[in-house]
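**Q** One structure, pasted below without further comment.
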Amino acid sequence: MSYTNPDPEPERTTGLEPGGGVPPGETPPAESSLPAAGPLETHNPTKGWAKGPLALILILVVLVAAFFLVYAITLAL
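The numbering used here applies: residue 194 is where the sequence shown begins, and numbers increase by one.
Below, the structure is given as structure tokens:
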């Protein structure tokens, strides 16, 4: 496997000015892409929510449901 430099050579690239700029109306050279160019993710949990926040949400839902149930019963009486 041979490695080629993805950067354009300024002396061989058409449309570049001496400082490396692009004149108005000219399309700049294409940008190269590298595989796996992003940062390496070291912490990426694969399983759903943590038990603590999920338990708090469930408790809150049960309390709100119980409140409305008791409120409905007191209105019916």
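Note that the Cβ used here is the ideal one computed from N, Cα and C, for glycine as well.
What's the gap between the Cα of Thr-267 and the Cα of Ala-258?
**A** 14 Å
**Q** May I ask which residues mark the beginning and end of the alpha helix (DSSP H) holding Thr-267?
**A** Membership of Thr-267 in the alpha helix (DSSP H) is indicated by the continuous run 244–269.
**Q** Ignore the nearest five residues each way along the sequence and tell me which others in Ala-243's own chain have a CB closer than 8 Å to its CB.
**A** Closer than 8 Å at the Cβ level, and outside the excluded window around Ala-243, lies no residue.
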